[in-house]
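Chains as they are written, first to last, in our numbering: chain H, 1 to 250; chain V, 251 to 544; chain A, 545 to 864.
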């Protein structure tokens, strides 16, 4: 599904990533783990086109997307959520999801200003779909609340609903469980599995080992910008290099 | 020969105004580098320098040097008050809010000066007479020498301050990483205040030394400020040699353009340069690009 | 949705009836300029309040519209309506072309670049004396007319200008509550997140910049035909700042807020006649104070103030 080929990234003199290559299998849930500063978020930013890699290529379904801007990748079905939740705080919850439906609609400036009949129909369709997605993540009652006032856990759910609105083929989640309590995390695990069951490939960066071991089919371990190991959760748990570098201290 | 003389004359007077732009650019960079703010009221500090000096001479009968000191001190106090009243209380300091506030402050200062001082244009007497000095076929005014001298002094002074004193180093630390600076005990708030104070002082000094050449009025700050900003942009918003070179190049180009092409479009030249640089090399003329971290 | 329509209808009614009690006093004349300024403020608010992109060069587009129409009709004897459309399209094309490099810039740099465009345009108005009359202005611009009906009194001009204003208000309201408007507001809140959501931020910013220039140019054309005389001082940096002040006072990102700001700021100097040139001090103070204490402008700030005051009273009542 998503192929990373020899990705490297330098910031000035600092090498953040070096020769990262792996494949996210279609229909799987892939976890990317590693200690702080391992380069996980940087890798996500490169995969989604927030900034370009210093070397290497990003392939989505075999197509090189290294040069595409984030919005271009979104159109191809590559969507992400953010570690610190990037909601549109001054817009309502429903509107947030409706922005997510941007790629699923096409009314331009003129159609919108003059309220063309087909634009009105499209608007109605978007609104209904957004409400459906809020139901899917379990917060339909919050539709008209200003997103900036949501508690963190609900904000996370909204962000996922908004990402789902893009009809992603591949959903990248940056630390989805960060800041959630244990019942919220359990809810999240369930939600991620339901997303996978819809046929959407999921890749996530995560610190919560219980969650990762529970839901992931495949794990990639990063350490200090290099790849340490790759395999099923079971294999990773038994991997000596990983244990010393990462789990070793515990 | 005639043309050559003319050209060298334009270059000399251009370099003198260019030095002023450099000083103003420097004062922009000082605030920008410790706060990330482009202070749209910077030009008003420049205007205040000239206006207050004339006021001190006319109203208080102070000798020139004392008047200059009083004017620079006065502007510095205004810079301090400005930071306290307009910048500090801002809770949600988005760039947009800062732009609007500093624009507001700038027209407020300009309006108050107009109210108290009137709309008249006045001149400050040249520091040491108006007898021209002839250099290689071009004439140089004593005031030009003052400008070059003061500019060099200020630049060397800033360099020493920012690289060789604790306060200066602390301010630079804030510009690199305010949180880290805070962790090692630097009070970021105080450094922001400092930067406004120093910047106001440098800006007003620029206003004082140019006043004898160009006359001064309540509204000269706008153009001077914008051109100083242009110089700073050319130098990549650094507080070093880049800004100085930017100012000098701008001054010379502007003077040549005004002299050889059309004086009406003199001000447009600076803005065309500004736009070109923002479009093509926003990191400045003399710097290499760097990847931004998001 | 229903209440939005009702609000607009009530507003239309207010606009329609407003000149009646004034019965031809000079206030009607002031209200004509409130209309022009409302259109301008609305144009800027779409760009600044909704998309979050500052422009300090709005006066340039306003001036290009005014001079474009003025020169075409007075010198080249164009039909004013044709001139208005041609000029507005040309100004929009110009804005679209410079929009790509300009809107790549952010924050302070964007402010400076748009300011630069404004200053250069103003210098051009002053210096192209053969065409514009330079600093002494351009006169002899005809009034607008439909057949033999000429818009030559304050009252006629009032309905002319406000007719345009109402259409633009309606279109703006449609726009901001649609897919396009949501995209703009998303860019304002978080450009990175908006782009990840597939919003083409770069293009949409240029589009709204172009739209705002188009609207300003129409306002310029109307202004020149109402005034029949224009000079460069009306299209300088101060005008751009005045427009900014209107939005800051009325309400960032509020269509009606733009109108309220335009109304207050246009009436203010008329009410405070003694102020003369010193209204600039008031503008400065308003910009600083509003940004610090009421960043949403009056439209959002006053209801919020009420909300803050009323529960306090309720609580005090409970305590007593």
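Quick reminder that beta carbons are idealized off the backbone N, C-alpha and C, glycines included. Note that the structure is predicted; figures quoted are calculated from it, not measured.
Residue i in three-state terms, based on DSSP
i              : result
residue 530(V) : helix
residue 6(H)   : strand
residue 729(A) : helix
residue 224(H) : coil
residue 19(H)  : strand
residue 90(H)  : coil
residue 372(V) : strand
residue 311(V) : coil
residue 597(A) : coil
residue 774(A) : strand
residue 845(A) : helix
residue 470(V) : coil
residue 802(A) : helix
residue 388(V) : strand
residue 178(H) : coil
CA-to-CA distance, residue j to residue i, given in whole angstroms
i              : j              : result
residue 487(A) : residue 769(A) : Any answer about residue 487(A) is impossible in this case: the structure gives chain A only from 545 up to 864.
residue 676(A) : residue 76(H)  : 52 Å
residue 30(H)  : residue 192(H) : 11 Å
residue 483(V) : residue 523(V) : 10 Å
residue 122(H) : residue 288(V) : 43 Å
residue 599(A) : residue 807(A) : 21 Å
residue 746(A) : residue 203(H) : 28 Å
residue 366(V) : residue 349(V) : 26 Å
residue 543(V) : residue 11(H)  : Summary for residue 543(V): the model assigns pLDDT 33, below 50, so the residue's position carries little reliability; its value from the coordinates is reported in the next sentence. Rounded to whole angstroms, residue 543(V) to residue 11(H) spans 8 Å at the Cα level.
residue 486(V) : residue 533(V) : 5 Å
residue 838(A) : residue 385(V) : 59 Å
residue 117(H) : residue 214(H) : 48 Å
residue 147(H) : residue 120(H) : 24 Å
residue 312(H) : residue 48(H)  : This structure gives no information on residue 312(H), because the portion of chain H shown stretches from 1 to 250.
Residues that DSSP places opposite residue i in a beta bridge
i              : result
residue 782(A) : According to DSSP, residue 782(A) bridges with nothing at all.
residue 14(H)  : 11(H)
residue 690(A) : 693(A)
residue 172(H) : 80(H) and 203(H)
residue 24(H)  : 2(H)
residue 218(H) : 30(H)
residue 63(H)  : 60(H)
residue 135(H) : Note: residue 135(H) sits in no beta bridge, so no partner.
Close beta carbons around residue i, own chain, < 7 Å, minus the five adjacent residues each side
i              : result
residue 44(H)  : 80, 172, 174 and 205
residue 317(V) : 303, 306 and 307
residue 199(H) : 27
residue 103(H) : 74, 75 and 166
residue 18(H)  : 8, 225 and 226
residue 111(H) : 119
Beta-carbon spacing of residue i, residue j below 8 Å
i              : j              : result
residue 795(A) : residue 804(A) : yes
residue 87(H)  : residue 3(H)   : no
residue 762(A) : residue 595(A) : no
residue 679(A) : residue 776(A) : yes
residue 466(V) : residue 363(V) : no
residue 361(V) : residue 822(A) : yes
residue 843(A) : residue 705(A) : no
residue 832(A) : residue 351(V) : yes
residue 420(V) : residue 400(V) : no
Sequence-distant residues of its chain with Cβ nearer than 8 Å to residue i (five each side left out)
i              : result
residue 94(H)  : 127, 130, 131, 134, 143 and 144
residue 137(H) : 157, 158, 160, 161, 164 and 191
residue 647(A) : 597, 654, 746, 749, 750 and 753
residue 550(A) : none
residue 370(V) : 467
residue 139(H) : 93, 154, 157, 158 and 161
residue 618(A) : 682, 683, 684, 685 and 686
Residues of its chain near residue i, where Cβ-Cβ distance is below 6 Å and the 5 sequence neighbours each way are ignored
i              : result
residue 661(A) : 601 and 604
residue 536(V) : 492
residue 450(V) : 295, 325, 326 and 329
residue 650(A) : none
residue 628(A) : 613 and 765
residue 98(H)  : 126 and 130
residue 731(A) : 595, 738 and 745
residue 470(V) : 297
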